[in-house]
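Report on the structure given below.
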Amino acid sequence: MSNQAEPVQPENLPGFDGIELLRWPEQEPVRRSLDRAGIPRILVLSNSSQPPEDLGYDEDWIRAPYRSDDLLARVRRLARSLSEQSTLEFWLDDQRVLHRGSRIAVLTVFEAVVAKALLAQPGETVRRSVLEQSLWPTESPPGPRAVDAVIYRLRSRCRGLGLTIRTVRGEGFLLQAATSHRDDRT
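Quick note: to get our numbering, add 12 to the position in the sequence shown (first position is 1).
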């Protein structure tokens with residue numbers, strides 16, 4: 013086996029199904045799109061590039077040029093990590109820390125209130141009105157999009173834990189473990 017780096021196409025690697033390989037930072041818009049779709053990624057960095065600071069739980073990186081066995085090791089590690097993530101439970105402690113396995117996210121008071129309401133009804137949609145009442149029990153929300161602002165911030169904190177908050181149009185919000193199935197892209 014040669015020590016030379018060799019280009020490898022993902023389709024030639026076992027276990028690569030469902031994981032996308034892309035150049036970073038050149039394909040940052042594609043990365044964001046795949047992230048929103050819940051599709052795992054391996055970023056290929058040039059020698060002069062630094063890995064992104066916001067590396068998600070469902071992505072890894074490798075520096076080009078790379079050897080096929082190095083890339084395969086990254087693919088296997090990412091697949092194993094995703095498999096472990098899907099089986100871990102999550103909970104909120106008394107200090108407003110959201111846990112999922114060994115990963116944590118420290119939440120603000122408002123984020124913790126929303127997380128608690130979502131965790132109280134696992135797998136079920138929590139109505140916007142319930143969240144508003146939980147956040148502002150004695151007064152009206154400060155604006156019509158106030159819940160959305162809290163959800164937006166909570167989503168970014170949950171991303172590193174492999175959790176997503178889905179908007180159920182006209183109904184409310186649903187907390188669930190992020191999925192990473194290629195077939196979910198539409």
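Even for Gly, the Cβ is constructed at its ideal location relative to N, Cα and C.
Source: prediction; values computed, not measured.
| Item | Value |
| --- | --- |
| Which residue from R89, L34, F102, D160 puts its Cα closest to that of F185? | D160 |
| Answer with buried or exposed for T103, where buried requires no fewer than 16 other C-beta atoms within 10 angstroms of its C-beta. | A small fix is needed here, since residue 103 is Trp in this sequence, not Thr. It counts as exposed. |
| Would a C-beta distance cut-off of 8 Å place I74 and D82 closer than the cut-off? | yes |
| If you draw a straight line from the alpha carbon of H111 to that of L143, how long is it in whole angstroms? | 21 Å |
| Could you tell me the distance, in whole angstroms, from the CA atom of L147 to the CA atom of A158? | 10 Å |
| For S58, which residues in the same chain have their Cβ closer than 7 Å to its Cβ, ignoring the five residues on either side in sequence? | A76 |
| Buried or exposed: where does Y69 fall if 16 or more other Cβ atoms within 10 Å of its Cβ makes it buried? | buried |
| Are the beta-carbon atoms of R86 and I54 separated by less than 8 Å? | yes |
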